[in-house]
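Q: Line order of the protein sequences matches chains L and A. Taking this note's numbering, the leading residue of the first sequence gets 1, the next gets one more, and so forth. Taking this note's numbering, the leading residue of the second sequence gets 1, the next gets one more, and so forth. The structure that follows is given in the form of structure tokens.
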Amino acid sequence: MSDKDSSVVLPANEVVSNSIVARFDGEVNSDTREGYEGYIVNANMLPEVASVLKDELGYDYLSSVTGVDYIDEDHIEVVYHADQTTGGKGINIKVQLDRENPVVPTLVPIYPGADFQEREVFDMYGVHFDGHPNLRRILMWDGFHGYPLRKDWQEAYYEEDVKPFDSRWPGGDFKRSEADNPYGKNVNYPPGFDINNWAPETDDSLYESLQKTTSNGKSLHTDSIVVNIGPQHPSTHGVFRMVVALDGETITDLQPVMGYLHRNHEKIGERNTFLQNMPYTDRLDYLCSMSNNFGYALAVEKLMGVDVPERAQYIRVLMAELTRISNHMWAIGFLLNDLGAFQTPALYAIRARELILDVFEATAGSRMMCNYMRFGGLARDFPDKLRGEDTVQFITDLVENRLPKAIDELDHFLTENEIVRSRCIGVGVLPPEKAIAYSAGGPLLRASGVSYDLRTADSYGIYDRFDFDVCTRSNGDVYDRYLIRVDEMRESTRICQQVMRDIPGEGEIFSGKPQYNVRVPAGESYGRVENPKGELGYYVVSTGKTNPYRYHVRAPSFVNLTVLGELCKGHKVADAVVILGSIDIVLGEVDR
Amino acid sequence: MNNELSNPDIPVPSELQSAVTITSLDKIYNWGRRSSIWPMVFGLACCAIEMICTAASRFDIARFGMEVFRATPRQADLMIVSGTVTKKMVPQIVRLFNQMPEPKYVMAMGACASGGGPFKEGYNVVSGIDKFVPVDVYVPGCPPTPQALLHGLIKLQEKIDGQSLKSVRWYGQETSEAVPVPVLGPDLFDPRQHALLAQQAGQVKENSESVEE
Ligand code: SF4
């Protein structure tokens, strides 16, 4: 399969390299390091190169922006991944910056979707994006000391650069990290920090940055006020905060504030061994642990060059599609919660989801945190029995009868419901050009009419063997985002049915012998899957050791939020909650 | 009436047994409280999903009188800390805890809330909510299954059963103190450690001076 792919893609790559390498003579070079691909661009030429990529070569979708700290070579690299929404392999370009004073022009004017991701790189590496409209920390708070993902920055509980730590290995001893900390807590303060001459940060600058008045002239005078929704609010789907400027009841500006669940996946991930990261991926988008595993496994498999046995391939697809159904069930149930249909639709949705969780629990051992995939296969095969029935029988019945029925039921109750229609139609409209520009992904993008789905656009696993449609809708409002999820669940059941029909009854589920510690050849790799919420990408850099040098997660929920402020402007404050619900975020993934 | 309430030492005539129960004040006070624990709508991370599932039809928390999730801390009896406590979030959690009226209980649900869990070493993670507020019940798991959460709630009911009006802190003499709200600075700063922090900074300064000498 991969042979076929490369023969299609190579010419396109040549076109790109010819046009940008030749055009920007000396400013753009192919990345020739062993195991790397893409182009290295001179920092000051970046906007020009990006414009050419976008306007002339059709790379209209900036999927990921991240940084890597190559401390030994004394530079920080900012890595951009761009795609064509017409499909095909993506391209990556890099700029290399001085560690002492890293400055690079912002790409926000060209790709507005770079906004939050550039802020994240600023937050984590201290890279200054020249011209960025709102360059503030995004995951940590303003005033936090240091740039945590730099290789020379150490956390309070620092022991060694990489695991397994000598203090626990090989004896399996445990120790409490608190014992070594002077404060008995997970804190350390920069030297010279004087508690008596110091004032905590305030949110004043954030509040001042909001646009307070609407421009449309009106006779009635209304006060302009700023309201904080969250971080503890029942409708924010977790610990998420929206700072809303209101004119009367109308939103004039909205700033998402996040990081309340920033759990430092990436820092921990770079200390972990490759395999130790697998259970951590479960906890990114904790509703979709199976497909999170899938993406990470793909990224590392690409580096290792291992094959996945047939049967495992089928089971992977089955699990990923069941995950999609369970995620969309949840999303729809809680969207209705936000609409005011408190709990009842959610209960129906959860009931359907429980059926899928039974499959996960029986196969992987856990309802939510499946930790199921391995580099080169799966952790275990189906059990013989599931809830007292034959497993294959159970799953077949599930995907042929029970889930389609549950989807129909939801559809039947909600789609024509008058209140749902009047609250959703025409609310939060996202035009297709804007959706692409803001790097919106998944159902958010497809509801706007852009037929972009990685399962077909850059097919992975064995998705090319199945017959399914990439659903699109055309209005891009909340209602279409609801409908598209119903459509996608139907397509997913179709895929699952084909899996159950075609799956080889016997066979290996893991290639090679299971290893605790895998050595991964040096190089970079970007593995991605179409998660229920959009493109989930893992950018992994290996230096040939047992731990990833860089482990970055391009999280769909995080990037999808970039457009939230735009979507909400001009709507009533109650609609903001609904629009947020229709984007479908999970904070574990937004904040990581 | 409910025979879990009645005191077997004081017999009630059989014709009155359907209408009369003789019990102690403690017992009926606790019985009322343990059968209507109202948790706060408060989800932090992955564990919150299992908390929601516990409240849904399959596991049905309503069997224990706890289905009334309240969105405001002022109406809640129980705070289920369901997920990773981060430094950025902990000021809000402490403030919410302070806003809850007595009697109030805290449950640490899952490994993260109990001790930092898989993310303990992270630079933005608090090693368990008990570093800041007192915890009544710890529920292990990552995430705890709904059954485990229910077990934790039953344990909390047992704790309530064991309390007495004579000794509970909210009827005691001294007023209960609010927990000082932590502050975000260069790192998370607990006002209770002010003196320690000032002293440590002093030490650092002395050290650097002695190096210069
Ligand atoms: S204990 Fe596990 S499931 Fe619960 S919040 Fe922590 S990581 Fe998530």
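We put the beta carbon where it would ideally sit given N, CA and C, even for glycine. Treat the numbers as computed from the prediction; the structure is a model and nothing was measured.
#1: Could you spell out where the beta strand (DSSP E) holding residue 587 of chain L opens and where it closes?
#2: Using three-state DSSP, classify residue 44 of chain L as helix, strand or coil.
#3: Output the distance between the C-alpha atoms of residue 561 of chain L and residue 256 of chain L, rounded to the nearest integer angstrom.
#4: Mind listing, in chain order, the continuous alpha helix (DSSP H) runs of no fewer than 4 residues lying wholly within the segment 82–136 of chain A?
#5: Mapping the DSSP letters down to three states, classify residue 10 of chain L as helix, strand or coil.
#6: CB-CB under 6 Å to residue 171 of chain L, same chain, minus the five flanking residues each way: which ones, in chain order?
#7: Using the C-alpha atoms, what's the distance from residue 89 of chain L back to residue 64 of chain L?
#8: Among L:364, L:566 and L:558, which has the Cα closest to the Cα of residue 591 of chain L?
#9: If contact means a Cβ-Cβ distance below 8 Å, which residues of the segment 41–69 of chain A contact chain L?
#10: Let me know the alpha helix (DSSP H) ranges lying completely inside the segment 302–367 of chain L, each 4 residues or longer, listed in chain order.
#11: Say yes only if the C-beta of residue 84 of chain A is nearer than 7 Å to one or more non-hydrogen atoms of the ligand SF4, and no if none qualify.
#12: Contact criterion: CB-CB distance below 8 Å. Does residue 10 of chain A meet it with respect to chain L?
#13: Identify the continuous beta strand (DSSP E) that holds residue 61 of chain L and give its terminal residues.
#14: Bridge partners for residue 98 of chain L per DSSP, in chain order?
#15: Please name the residue or residues paired with residue 70 of chain A in a DSSP beta bridge.
#16: If contact means a Cβ-Cβ distance below 7 Å, which residues of the segment 124–149 of chain L contact chain A?
#17: Cβ of residue 283 of chain L within 7 Å of any heavy atom in the ligand SF4?
#18: Hey, does residue 386 of chain L have any beta-carbon neighbour from chain A nearer than 8 Å?
#19: Taking just the CA atoms, how far does residue 472 of chain L sit from residue 509 of chain L?
#20: Residue 438 of chain L and residue 113 of chain L - do their beta-carbons sit closer together than 8 Å?
#21: How is residue 509 of chain L classed by DSSP in three states: helix, strand or coil?
#22: Out of L:84, L:156, L:470 and L:511, which has the shortest C-alpha to C-alpha gap to residue 378 of chain L?
#23: Apart from the five residues on each side of it in sequence, which residues of its chain come closer than 7 Å, Cβ to Cβ, to residue 124 of chain L?
#24: Using a Cβ cut-off of 9 Å, pull out every chain L residue sitting near residue 18 of chain A, in sequence order please.
#25: Which of the three DSSP states is assigned to residue 255 of chain L in this structure?
#26: Would you say residue 112 of chain A touches the ligand SF4, meaning its beta carbon is less than 7 Å from a heavy atom?
#27: What is the C-beta distance between residue 112 of chain A and residue 83 of chain A, in whole angstroms, given that I count them as a contact (C-beta under 8 Å)?
#28: Going along chain L, which residues have a C-beta under 7 Å from residue 107 of chain A?
#29: Within 10 angstroms of the Cβ of residue 212 of chain A, are there 16 or more other Cβ atoms? Answer buried if so, exposed if not.
#30: DSSP beta-bridge partners for residue 572 of chain L?
#31: Hey, out of L:80, L:568 and L:306, whose CA is closest to residue 578 of chain L's CA?
#32: Leaving aside the five residues before and after residue 142 of chain A along the sequence, list all residues of the same chain whose C-beta is less than 7 Å from its C-beta, in chain order.
#33: By how many angstroms is the C-alpha of residue 281 of chain L removed from the C-alpha of residue 18 of chain A?
#34: When burial is assigned at 16 or more other CB atoms within 10 Å of the CB, is residue 127 of chain A buried or exposed?
#35: Alpha carbon to alpha carbon, how far is residue 428 of chain L from residue 531 of chain L?
#36: If we define contact as Cβ-Cβ less than 8 Å, is residue 482 of chain L a contact residue for chain A?
A: On the basis of the supplied data:
#1: By 1-based counting over the first sequence, the position of residue 587 of chain L is 587. Careful: residue 587 of chain L lies outside any beta strand (DSSP E), inside the alpha helix (DSSP H) at 587–591.
#2: Walking along the first sequence from the start, residue 44 of chain L turns up at place 44. It is helical.
#3: Position 561 of the first sequence holds residue 561 of chain L. Position 256 of the first sequence holds residue 256 of chain L. Near 8 Å, if we compare the C-alpha coordinates of residue 256 of chain L and residue 561 of chain L.
#4: 90–99 and 110–115
#5: On the first sequence, residue 10 of chain L is found 10 positions in, with the first residue counted as 1. Confidence at residue 10 of chain L is low in this model, with a pLDDT of 43, below 50, so its placement is unreliable and no value can be given for it.
#6: Working through the first sequence from its first residue, we reach residue 171 of chain L at position 171. Around residue 171 of chain L: no qualifying Cβ.
#7: As a first step, residue 64 of chain L must be located in the first sequence, where it is residue number 64. As a first step, residue 89 of chain L must be located in the first sequence, where it is residue number 89. If you take the alpha carbons of residue 64 of chain L and residue 89 of chain L, they lie about 14 Å apart.
#8: Within the first sequence, numbered from 1, the residue matching residue 591 of chain L stands at position 591. Considering only alpha carbons, the answer is L:558.
#9: 41, 42, 43, 44, 45, 46, 48, 49, 50, 52, 53, 56, 57 and 58
#10: 310–339 and 344–364
#11: On the second sequence, residue 84 of chain A is found 84 positions in, with the first residue counted as 1. It does: the Cβ of residue 84 of chain A is within 7 Å (strictly closer) of some heavy atom of the ligand SF4.
#12: Walking along the second sequence from the start, residue 10 of chain A turns up at place 10. No, its Cβ sits nowhere closer than 8 Å to a Cβ of chain L.
#13: Within the first sequence, numbered from 1, the residue matching residue 61 of chain L stands at position 61. Here the beta strand (DSSP E) through residue 61 of chain L covers 61–70.
#14: In the first sequence, residue 98 of chain L corresponds to position 98, counting from 1. L:75, per the DSSP bridge assignment.
#15: Residue mapping note: residue 70 of chain A aligns to position 70 of the second sequence, counting from 1. DSSP output for residue 70 of chain A lists A:40 as bridge partner(s).
#16: 140, 141, 143, 144, 145 and 148
#17: Against the first sequence, residue 283 of chain L aligns to sequence position 283. Answer for residue 283 of chain L: yes, Cβ within range of the ligand SF4.
#18: The count along the first sequence starts at 1 and reaches residue 386 of chain L at position 386. No - not a single Cβ of chain A is within 8 Å of the one on residue 386 of chain L.
#19: Within the first sequence, the letter at position 509 stands for residue 509 of chain L. Within the first sequence, the letter at position 472 stands for residue 472 of chain L. Distance between the alpha carbons of residue 509 of chain L and residue 472 of chain L: 34 Å.
#20: Indexing the first sequence from 1 puts residue 113 of chain L at position 113. Indexing the first sequence from 1 puts residue 438 of chain L at position 438. Yes, the Cβ-Cβ distance between residue 113 of chain L and residue 438 of chain L is below 8 Å.
#21: For the purposes of this step, residue 509 of chain L is identified with residue 509 of the first sequence, where counting begins at 1. Of the three classes helix, strand and coil, the one that applies to residue 509 of chain L here is coil, per DSSP.
#22: Reading the first sequence from its first residue, position 378 is the one you call residue 378 of chain L. That would be L:511, whose Cα lies nearest to the Cα of residue 378 of chain L.
#23: Taking the first residue of the first sequence as position 1, residue 124 of chain L is located at position 124. Contacts found: 67, 147, 148 and 149.
#24: Mapped onto the second sequence, residue 18 of chain A falls at position 18. Residues of chain L passing the Cβ test: none, with the nearest at roughly 36 Å.
#25: Residue 255 of chain L sits at position 255 when you count from the first residue of the first sequence. Three-state DSSP puts residue 255 of chain L in a strand.
#26: As a working note, residue 112 of chain A is residue 112 in the second sequence. It does: the Cβ of residue 112 of chain A is within 7 Å (strictly closer) of some heavy atom of the ligand SF4.
#27: For the purposes of this step, residue 112 of chain A is taken as the residue at position 112 of the second sequence. For the purposes of this step, residue 83 of chain A is taken as the residue at position 83 of the second sequence. Right, the Cβ-Cβ distance comes to about 6 Å (below 8 Å), so this counts as a contact.
#28: Taking the second sequence and counting its residues from 1, the one referred to as residue 107 of chain A is at position 107. Ordered by position in chain L, no residue passes the 7 Å Cβ test against residue 107 of chain A, which lies about 17 Å from the chain.
#29: Within the second sequence, numbered from 1, the residue matching residue 212 of chain A stands at position 212. Interpretation of residue 212 of chain A is limited by its pLDDT of 43, a score under 50 that renders its predicted location unreliable; the figure taken from the coordinates is listed afterwards. When all chains shown are included, residue 212 of chain A counts as exposed.
#30: Residue numbering aside, residue 572 of chain L sits at position 572 when the first sequence is read from its first letter. Residue 572 of chain L pairs with L:250.
#31: Residue 578 of chain L sits at position 578 when you count from the first residue of the first sequence. The residue with the shortest Cα to Cα distance from residue 578 of chain L is L:568.
#32: Position 142 of the second sequence holds residue 142 of chain A. The answer, listed in chain order, is 110, 111, 117 and 118.
#33: Position 18 of the second sequence, counting from 1, holds the residue named residue 18 of chain A. Position 281 of the first sequence, counting from 1, holds the residue named residue 281 of chain L. For residue 18 of chain A and residue 281 of chain L, the distance between alpha carbons rounds to 57 Å.
#34: Against the second sequence, residue 127 of chain A aligns to sequence position 127. Classification for residue 127 of chain A: buried.
#35: For the purposes of this step, residue 428 of chain L is taken as residue 428 along the first sequence, with counting starting at 1. For the purposes of this step, residue 531 of chain L is taken as residue 531 along the first sequence, with counting starting at 1. Each residue's Cα considered, the two are about 22 Å apart.
#36: Locating residue 482 of chain L in the first sequence gives position 482, where the first residue counts as 1. Output row for residue 482 of chain L: interface = no.
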